[in-house]
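Engineer: Residue numbers (my numbering): 2 to 361. Glycine included, C-beta positions come from ideal geometry on N, C-alpha and C.
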Amino acid sequence: MNKSWPAGIAPFPGTPFARRLIDWQRHHGRHDLPWQTRDAYRVWLSEIMLQQTQVETVIPYYARFLERFPTLESLAAAPVEDVLARWSGLGYYARARNLHKCAQAVMTRHGGTFPADPTLLAELPGIGRSTAAAISAFSYGTRAAILDGNVKRVFARAFGIDGFPGTKAVENALWDLAEALLPERDVDIYTQAQMDLGATLCTRGKPRCGQCPLADGCVALRDGRVAELPTPRPKKAVPERHGRFAVIVANGAVLLERRPPAGIWGGLQSLPELPEDADTAEWVARRFGLTVTRVAPLPGLRHVFTHFVLHLAPERVEVAAGDGVRDADGLDWWPLDALADAALPTPVRKVLEALQRATG
DNA sequence: AAAGCGGGGGG
DNA sequence: CCCCCAGCTTT
């Protein structure tokens, strides 16, 4: 309340910033997104899915997820494997593991109801300061500031804020601004307006400044700096890694191995990873107690992560029918026609779907 | 091919 | 606390 206006930042001329956004939202914002309810469970689910992921991508996942987990109770009671299976393809799978933990925490700590206080929300797994504010504003009308990528971009341009928003100093300045600009009322509309303005007008490339309600006060537009703000992340070289994966097939099923709970593709089902120098047939025979009848390379795949590039080299391994697998913990023979139900990362899904198409 | 997108956890 | 990590889509 009554936060002091940040130093060196000029207020918007005439109509205040928040008023402009709220007025704009009523006519030009999005009002028909499937999670625009006051149901905190649905709001929370959407906000977690929307972390690092755009609206259009989220919509089908959101629908399929709610179909399987219609209530907080059903989600909390489900095995984490089922949660990961419905998350498969969305990426950042720690979000799904935290989502599941969070559902259980809300059941035990809060009696099955999400708290309205953003501070309490932010103590739950997977919910940080911005997500907590969004959930409480949308679900309960709480007066709390968000600061997501859209807001950072709008602020950086509108107020001419230099510096990469990932650095502590710039981020602190943006949070101060977010708090100072927060309106007294209609915070839910204001919050949606910031997201919608950033997603539909003040986009990264080709922003539509001609339609922007902030145009007459926008520092970046005035100074011809729209294209250079916000300041981009400093570039860094990404290392390359190589991985060999065994595609062990028998009787129309493939052997999947659950990955360790943390790290890349944590908790997901994947293909067994071959050691760099191992002889494929020998390693598969020893590791799984299977009799290998044939090994053949499959087309490789280049998969780009933010911090490294992974070259996947899959090898098709045929084994004698009727062989059982030794050390069955975390291992599953998965029918190729049931891949839709598997908790697979996208590149592994690609490899297996190509194989399924090839073998019919 | 490069950049964008919130939060968790380790050093 | 700061730095690194994670996976997909869009441009």
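I'd like the list of long-range same chain contacts for ASN99, defined as Cβ closer than 6 Å, with 5 residues on each side in sequence excluded.
Structural biologist: The residue labelled residue 99 in the question sits at position 98 within the first sequence. These residues qualify, in order along the chain: PRO126 and GLY127.
Engineer: Check the DSSP bridge columns for ARG295 and list the partner residues they point to.
Structural biologist: The sequence position of residue 295 within the first sequence is 294, counting from 1. Answer is GLU319.
Engineer: Which same chain residues, not among the five before or five after ALA282, have their C-beta less than 7 Å away from its C-beta?
Structural biologist: Mapped onto the first sequence, residue 282 falls at position 281. If we look at ALA282 and ignore the five residues flanking it on each side, its Cβ neighbours are VAL293 and VAL296.
Engineer: Inspect the CB distances between the stretch 15–28 and the stretch 222–236 and report whether three or more fall short of 8 Å.
Structural biologist: Output reads no: the stretch 222–236 does not touch the stretch 15–28.
Engineer: DSSP three-state label for PRO348, please.
Structural biologist: In the first sequence, residue 348 corresponds to position 347, counting from 1. DSSP places PRO348 in helix when its eight states are reduced to three.
Engineer: Within this structure, are the beta carbons of VAL285 and ALA247 separated by less than 8 Å?
Structural biologist: On the first sequence, position 284 is the one that residue 285 refers to. On the first sequence, position 246 is the one that residue 247 refers to. Going by C-beta atoms, VAL285 is nearer than 8 Å to ALA247.
Engineer: Taking 8 Å as the threshold (C-beta atoms), are ASP189 and ALA138 in contact?
Structural biologist: Translated into positions along the first sequence, residue 138 becomes position 137. Translated into positions along the first sequence, residue 189 becomes position 188. Yes; because the gap between Cβ atoms is below 8 Å, this pair is in contact.
Engineer: Identify which residue in THR168, LEU22 and THR201 has its Cα closest to the Cα of VAL410.
Structural biologist: Examination of residue 410 is not possible in this model, given that the chain is present from 2 through 361 alone.
Engineer: Alpha carbon to alpha carbon, what distance is there between GLY290 and VAL320?
Structural biologist: Numbered from 1 along the first sequence, position 319 holds the residue referred to as residue 320. Numbered from 1 along the first sequence, position 289 holds the residue referred to as residue 290. Distance between the alpha carbons of VAL320 and GLY290: 10 Å.
Engineer: On a CA-only basis, which of ALA8, HIS304 and GLY268 is nearest ILE162? Give me that one, please.
Structural biologist: Here residue 162 corresponds to residue number 161 of the first sequence, with the count starting at 1. Among ALA8, HIS304 and GLY268, the Cα nearest to that of ILE162 is on ALA8.
Engineer: Comparing C-alpha positions only, which one of LYS237, HIS243 and ARG43 sits nearest to LEU311?
Structural biologist: One-based indexing of the first sequence puts residue 311 at position 310. Closest option to LEU311, Cα to Cα, is HIS243.
Engineer: Whose CA, out of GLY90, VAL239 and PRO262, lies closest to the CA of ARG350?
Structural biologist: Start at 1 with the first residue of the first sequence, and residue 350 comes out as number 349. Of the listed residues, the one whose Cα sits closest to ARG350 is GLY90.
Engineer: Whose C-beta lies closer than 7 Å to the C-beta of ARG260 among residues of the same chain, with five residues either side of it excluded?
Structural biologist: Position 259 of the first sequence, counted from the first residue, corresponds to residue 260. Correct list, in chain order: TRP266, GLY267, GLY268, LEU269 and SER271.
Engineer: Taking DSSP as the reference, what is the three-state secondary structure of SER140?
Structural biologist: Mapped onto the first sequence, residue 140 falls at position 139. Helix, per DSSP.
Engineer: What are the partner residues of SER131, as DSSP defines its beta bridges?
Structural biologist: Residue mapping note: residue 131 aligns to position 130 of the first sequence, counting from 1. According to DSSP, SER131 bridges with nothing at all.
Engineer: Cβ of ALA159 within 8 Å of Cβ of ILE23?
Structural biologist: Position 158 of the first sequence holds residue 159. Position 22 of the first sequence holds residue 23. No.
Engineer: Nearest to ALA133 by CA position, among GLU172, LEU182 and GLN52, is which residue?
Structural biologist: Locating residue 133 in the first sequence gives position 132, where the first residue counts as 1. Looking at the Cα atoms, GLN52 is the closest of the given residues.
Engineer: Just verifying my parser: in three-state terms, what is the DSSP assignment at SER75?
Structural biologist: For the purposes of this step, residue 75 is taken as the residue at position 74 of the first sequence. Correct three-state label for SER75: helix.
Engineer: In whole angstroms, what separates the C-alpha of LEU175 from that of GLY301?
Structural biologist: Position 174 of the first sequence, counted from the first residue, corresponds to residue 175. Position 300 of the first sequence, counted from the first residue, corresponds to residue 301. If I take the Cα positions, the gap works out to 43 Å.
Engineer: Throw me the rounded Cβ distance for the LEU183 and ARG144 pair, which I believe falls under 8 Å.
Structural biologist: Within the first sequence, the letter at position 182 stands for residue 183. Within the first sequence, the letter at position 143 stands for residue 144. Yes, they are in contact, since the Cβ atoms of LEU183 and ARG144 sit about 6 Å apart, within 8 Å.
Engineer: Taking its Cβ as the centre, do 16 or more other Cβ atoms sit within 10 Å of HIS101, making it buried, or is it exposed?
Structural biologist: Locating residue 101 in the first sequence gives position 100, counting from the first residue. HIS101 comes out buried.
Engineer: So, is THR192 buried or exposed, given that buried needs 16 or more other C-beta atoms within 10 angstroms?
Structural biologist: Along the first sequence, read from residue 1 onward, the residue named residue 192 stands at position 191. Buried: at least 16 other Cβ atoms inside 10 Å.
Engineer: Around the C-beta of ARG39, are 16 or more other C-beta atoms found within 10 angstroms, so that it is buried, or is it exposed?
Structural biologist: If you number the first sequence from 1, residue 39 lands on position 38. Exposed.
Engineer: Please work out which residues of its chain come closer than 6 Å, Cβ to Cβ, to PRO273, disregarding the five sequence neighbours upstream and downstream, and give them in chain order.
Structural biologist: Translated into positions along the first sequence, residue 273 becomes position 272. Only ALA247 and GLU258 meet the Cβ criterion.
Engineer: Helix or strand or just coil, what does DSSP make of ALA145?
Structural biologist: Here residue 145 corresponds to residue number 144 of the first sequence, with the count starting at 1. Here ALA145 sits in coil by DSSP.
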